[in-house]
Amino acid sequence: MLAGWRARMRGAALFALAAASGNQNFRKATALDNPAPEEFKFEYTGWVGITDLLAARGHTQLADTLSMKTQDPSLMPLSFSEMKSMQVLSTLRTVGAVCGIFAVLAFVYAHLKEGQPTLGKETTDPDEFKRFRHGLCSCKLDTICCTSWTLCGIRWADTSAMAGIATFFGACVILIVLFFFWPFTFGLTFWAWLGVVVVNRQKIRQTFNMQAGGCTWLEDAATWLCCCCCATAQEARQLEEAYECSHPAIKSVAVPNRQ
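Count the sequence shown with our numbering and you get residues 49 to 307, in order.
This is the structure we're talking about:
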């Protein structure tokens with residue numbers, strides 16, 4: 049399987065090289081329209097084998113031209129391992145850049161919101177918080193809605209800190225780590241992320257004495273899978289309003305710079 053894959057990769061690179069040189073007969077000469085026998089895919093894995101095949105099929109001029117081109121190392125195709133390494137490096141650069149931008153935005157967010165919100169007066173019956181006070185689609189143009197849709201992960205980290213579940217930067221680090229390894233774990237970190245946010249939502253339920261456990265695990269998972277931004281906004285509104293009315297459950301977990 050690997051030998052066949054390498055043969056096809058080299059063939060594709062060879063095709064691109066010949067096409068760039070202006071040779072219009074390359075597709076026919078290399079039998080891309082008339083595939084070679086099956087054994088060719090495993091035997092002819094190098095440039096020598098390909099040029100020999102061209103010569104054997106009567107395309108001596110193309111074989112000679114191609115043989116001369118392969119003398120220049122800059123025109124040689126990358127090996128399978130080299131191409132894989134380049135792909136990994138490219139992915140690392142992209143993921144690293146995204147994580148870096150996320151970290152910078154998190155620092156800016158934390159600086160702008162430092163000291164907010166403060167605990168307000170007890171003006172609301174605590175029993176009103178025994179369910180989420182706002183529905184998933186109760187969005188409006190305010191700060192919570194905008195940050196939930198544009199800075200979803202950062203807003204979620206802020207809500208976690210407000211609920212006393214994790215520190216703000218601790219929650220941000222969790223998201224950065226999960227995202228960083230996302231491309232290399234075949235999607236496993238996606239399920240790890242889902243588990244983290246669902247457990248976080250369950251703890252918010254417990255903080256306000258809502259119904260928790262049982263079927264609510266499936267409900268919370270479906271909520272986050274359906275619309276993570278809406279779930280983020282809903283949880284954020286719950287905590288922000290709890291701070292405004294100085295909910296008893298919040299007084300014991302309020303972060304120091306917000307008391």
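For glycine and all other residues, C-beta sits at the position ideal for the given N, C-alpha and C. Being a predicted model, the structure only gives us computed values, none of them experimental.
- In the displayed model, residue 141 falls within a helix according to three-state DSSP.
- With a threshold of 16 other beta carbon atoms within 10 Å, residue 196 meets it and is buried.
- Counting along the chain, residue 266 sits inside the alpha helix (DSSP H) bounded by residues 264-274.
- Contact between the segment 196-213 and the segment 277-297 is present, with at least three C-beta pairs closer than 8 Å.
- Going by beta carbons, residue 279 and residue 193 fall outside the 7 Å limit.
- Counting other Cβ atoms within 10 Å of its Cβ, residue 295 reaches 16 or more and is therefore classed as buried.
- Judged by DSSP secondary structure, residue 259 falls outside any alpha helix (DSSP H); it is assigned neither H nor E.
- Per the C-alpha coordinates, the member of 275, 267, 265, 258 positioned closest to residue 176 is 258.
- A distance below 8 Å between beta-carbons, with the five flanking residues on each side excluded, links residue 229 to the following residues of its chain, in chain order: 237.
- For the pair residue 266 and residue 129, the Cα-to-Cα distance works out to about 43 Å.
- One thing to note: residue 219 has its Cβ no nearer than 7 Å to the Cβ of residue 255.
- Taking the Cα of residue 205 as reference, the smallest distance to any Cα among 234, 231, 182, 248 is reached at 248.
- Going by C-alpha positions, residue 188 is about 30 Å away from residue 148.
- For residue 227 and residue 135, the gap between their C-alpha atoms comes out near 17 Å.
- In the DSSP assignment, residue 197 falls within the alpha helix (DSSP H) that extends over 191-198.
- By the neighbour-count definition (other C-beta atoms within 10 Å, threshold 16), residue 234 is an exposed residue.
- DSSP places residue 219 inside the alpha helix (DSSP H), whose first and last residues are 216-228.
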